[in-house]
Amino acid sequence: MKEIMVNIERCLSCHSCELACAVAHSSGKTLFSAVSETPKPLKRIFVHSSGTKNVPVSCRHCEEAPCIDACIAGAMHRTADGTVTNEGGSGVCTGCWMCVMVCPYGVIRSRQTARVAVKCDRNCLNREGVPACVQACPTGALQFIEVDEFSIQKRKNFVAVF
Amino acid sequence: MSEKSIDQATLKMLSKAKADNVSLAWDRLAAQEPQCGFGQLGVCCRNCNMGPCRVDPFGDGPSEGVCGATADTIVARNLVRAIAAGAASHSDHGRGIASTLYASAKGHAPDYPVKDEVKLKALAKEFGIAVEDRTSQEIALEVAETVLDEFGTRKGSLQFVNRVPLKRKEIWDKLGITPRGIDREVVECMHRTHIGVDNDYVSLILQGMRTALSDGWGGSIVATEISDILFGTPQPIKGSCNLGVLQADQVNIILHGHEPTLSDILVHAARAPELLAAAKEKGASGINVCGMCCTGNEILMRHGVPLAGNFLQQELAIVTGAVEAMVVDIQCIMPSLPQVAACYHTKVISTSPKAKFPGAEHIPFDEHNAMEVAEKIVLAAVENFSNRRPERVNIPSDRMDYMAGFSVEAILSALGGSLDPLLNAIKSGAIKGIVGVVGCNNPKYKHDQSHINFVNELIKNNVLVVATGCAAIACGKYGLLLPEAAKNAGDGLRAVCEALKIPPVLHMGSCVDISRIMTVAAAIANALGVDISDLPLAGAAPEWMSEKAVSIGTYVVSSGIFTILGTVPPVLGSKNVAELLTSGAEGVVGAVFAVEEDPVAAADLAVKHIEKKRLALGLEP
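Chains as they are written, first to last, in full-length UniProt numbering: chain A, 1 to 162; chain B, 1 to 621.
Below is the structure:
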């Protein structure tokens, strides 16, 4: 299964992924219309710096997802294609923030006005099935590929400089 | 391919480029996509080294830069810097032409005699320079010195401001945006947008307007007026355009860029018998000099030189494989040209000390021995003819005839020496109004489509179109510059065009020649005793892309003319700036910008605006 994988050394912290994520989650779906929407669309990917490296952080859709286990409303669940989301589940998100507390990566946030938790929901794929943040990345720091393919690439790169 | 252009010659050359494995602007655009959203919204500031700073348009991140600049400040600063760059470019072009007049009057530029003495004297009178009992050389020297002084004048305001109606001058004075000196306004833009100076978006935009006005009523008029004096004032002239003007059996030279200083001489040089003989010796039947972009417009307006195409066709001309030399001066010349030329035999020859292109041959142009340089360039092209590879040549057959050369003087002459017939046609409603259609091409939009659909809608609605730059070239390619095109116009406009034997779209020149349009607008307003903003006029740049276009749009709006942009400017990151430009400016300068990507809807906006202005003047809508 394909996942959003990060080549951390390539991230220039341009924040294009954040912008594209917000636009993909707006009602108009275009940048120019999104900037004037109310409420403002929220991004679900965050570029932070560790001092020497820039890291785009978003939901990893963990196989053992703590947020699903912690959700007492029964909202957070895993869909057939593996996406972890609190939308369209058997329960309705009540904004209790249990998922926020247990997520080890801090990639679940709140929409305070609506009292719901907001996270990467993969409701942003283009026709080729590529997420908006990956499409927007100008340097290829973000890739949407099979996990094992990523590790093959990584091994090859390691061997090349060995 | 068909989504890239409506022009058949362009489509054919796009296919050839693909087969020849040549990368073009459209391919490079695809490689840029998706383009940076912060840049598109104008909310990125690189004006100091505490940055770069970005404001988050979704309110999710920083709302100000390190210095505290908000989105309003950053967007306004970026806009003002774009205006400054555009105004500087037009004005530096004007300065170059004025310097040539000065050199000519000093006797240092023998190839540039004064060609239009009537215009020289008229301009001298406008500047209060004595003309009686003086030689044209004496007058030219004083005119050149006085005009060059306009760039750094200390006398309060620019001379050409006196062309505008009193009401308009009062508006500018009250707002404090009357341009004081051409260079001064550009410099002040750079000063104000430096870290820690002006950070009030209204104040910044007012300075942007003042700077744009120094372009429209300063640098651009200088370029137009002095070019007319040195190279002749354009008169209606016939010719043909599009890539089909290239000749399979001749040495093809394309003159591309914006300044007529070298190109005008080059047109003459290519007619020299010894160069023609050299071309014959190489097996060519002649030398075919063609224009492209505004250098092309300058020489077509004055010599009927064929026009090979507009901005997005510059690479495609080389792709024909039939161009021996592409001679470039300044502005809108793609740095890719030497790279494209490397796939064929074409020589790219740069000539301006202001513009070098890695990979191009540089033959420095010198106005003091212009003909010598021009002959050297033509000879280089002739010698390159034997390197042409016939298997790489494919000239599309598409070409179209045109009638161009509608300077203000030519329009007056077509009207029988006075504006009255035009005013009467507007009053009677035969012509509802006038729209200036100008500007570039932009590969983000289907090449030429917006220009042509917009213009066709306007003329159907009895709106007379005046055009310059790449928009005018687009009109030429689709036959809209022919008197016969009047058959597609509404009944009123058609009758006027048929009576005067003029096309429904008047080609008024290059992009600096938008000053001609402004001069006509001011003259109409003066004749009616109203302000420019009262007239049934509109401006439009359906496919604009350059900073010069930002300056032009701003001086047109600041002069009181409603202006429609077909491509979105980078201002939407600030709601306040966007609102000021699209609605707030109405109460300040009597005109606003509108952005409309759909050309038919844009034409509707223009027509409705014209109807509104007609009603206010007491005319039938």
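Using N, Cα and C, we set each Cβ at its ideal position, and we do this for glycine too.
Quick caveat, the model's predicted, so the values are computed rather than measured.
- Residues of chain B with a Cβ closer than 8 Å to the Cβ of residue 43 of chain A are, in chain order, 58 and 60.
- In this model, residue 118 of chain A and residue 25 of chain A are separated by some 11 Å (Cα to Cα).
- Of the candidates B:525, B:371 and B:509, the residue whose Cα lies closest to the Cα of residue 426 of chain B is B:525.
- Counting along the chain, no alpha helix (DSSP H) covers residue 387 of chain B, and no H or E run does either.
- The beta carbon of residue 160 of chain B sits closer than 7 Å to the beta carbons of 217, 218 and 221 from its chain, once the five residues preceding and following it are set aside; these are given in chain order.
- The C-beta distance from residue 293 of chain B to residue 53 of chain B rounds to 36 Å, too long to meet the 8 Å contact threshold.
- Listed as beta-bridge partners of residue 604 of chain B by DSSP are no residues whatsoever.
- Contacts with chain A (Cβ-Cβ distance below 8 Å) from the segment 21-44 of chain B involve 34, 36, 37, 38, 40 and 41, listed in chain order.
- Taking a C-beta cut-off of 8 Å against chain A, the contacting residues of the segment 570-601 of chain B are 572, 573 and 575, listed in chain order.
- Of the candidates B:173, B:537 and B:580, B:537 places its Cα closest to the Cα of residue 562 of chain B.
- The criterion of a C-beta distance shorter than 9 Å is satisfied by residue 355 of chain B and residue 328 of chain B.
- A Cβ-Cβ separation of about 15 Å leaves residue 411 of chain B out of contact with residue 493 of chain B under the 8 Å criterion.
- Residues 553, 557, 563, 565, 581 and 582 of the same chain have their beta carbon placed closer than 7 Å to that of residue 593 of chain B, with the five preceding and five following residues left out of the count.
- By the neighbour-count criterion, in which 16 or more other beta carbons inside 10 Å mark a residue as buried, residue 400 of chain B falls on the buried side.
- Considered as a whole, the segment 190-235 of chain B harbours 201-214 and 220-231 as its complete alpha helix (DSSP H) runs of no fewer than 4 residues, in chain order.
- By the beta-carbon neighbour count (other beta carbons within 10 angstroms, threshold 16), residue 389 of chain B is exposed.
- Contact annotation for residue 125 of chain A against chain B: no contact, minimum CB-CB distance about 15 Å [criterion: below 7 Å].
- Annotated as distal: residue 212 of chain B and residue 309 of chain B, with beta-carbon spacing of 9 Å or more.
- Distances from the CA of residue 573 of chain B to each of A:100, A:84 and A:36 were compared; the closest alpha carbon is that of A:36.
- With fewer than three CB-CB distances shorter than 8 Å, the segment 174-186 of chain B does not count as touching the segment 124-140 of chain B.
- The Cβ-Cβ distance between residue 175 of chain B and residue 76 of chain B does not fall below 9 Å.
- Inter-residue distance for residue 596 of chain B and residue 550 of chain B is about 16 Å (C-alpha atoms, whole angstroms).
- In the three-state DSSP reduction, residue 401 of chain B falls in the strand class (E or B).
- Looking only at A:95, A:27 and A:3, the smallest Cα-Cα distance to residue 71 of chain A is reached by A:95.
- Closer than 8 Å at the C-beta level to chain B, one finds these residues of the UniProt domain "4Fe-4S ferredoxin-type" (2-30) of chain A: 14, 15, 16, 18, 19, 20, 22 and 23.
- A direct Cα-Cα distance of roughly 11 Å separates residue 227 of chain B from residue 95 of chain B.
- Residue nearest to residue 102 of chain A within the set A:88, A:64, A:89 and A:156 is A:64 (criterion: CA-CA distance).
- Annotation for residue 288 of chain B: the continuous beta strand (DSSP E) segment containing it runs 287-292.
- Shortest Cα-Cα distance from residue 323 of chain B to any of B:253, B:298, B:365 and B:201 involves B:253.
- With respect to the 9 Å criterion, residue 330 of chain B and residue 225 of chain B are not classified as neighbours on the basis of their beta carbons.
- Listed in chain order, the non-local C-beta contacts of residue 115 of chain A below 6 Å within the same chain comprise 95, local neighbours out to five positions each way being set aside.
- Residue pairing for residue 539 of chain B: DSSP places it in a beta bridge opposite B:436 and B:563.
- Of the residues assessed, residue 8 of chain A falls on the exposed side of the cut-off, its CB having fewer than 16 other CB atoms within 10 angstroms.
- Residues are counted here when their Cβ sits less than 8 Å from a Cβ of chain B; for the segment 36-69 of chain A these are 36, 40, 41, 42 and 43, given in chain order.
- With respect to chain B, the C-beta atom of residue 138 of chain A has a partner C-beta closer than 9 Å.
- In the three-state DSSP reduction, residue 442 of chain B falls in the coil class, being neither helix nor strand.
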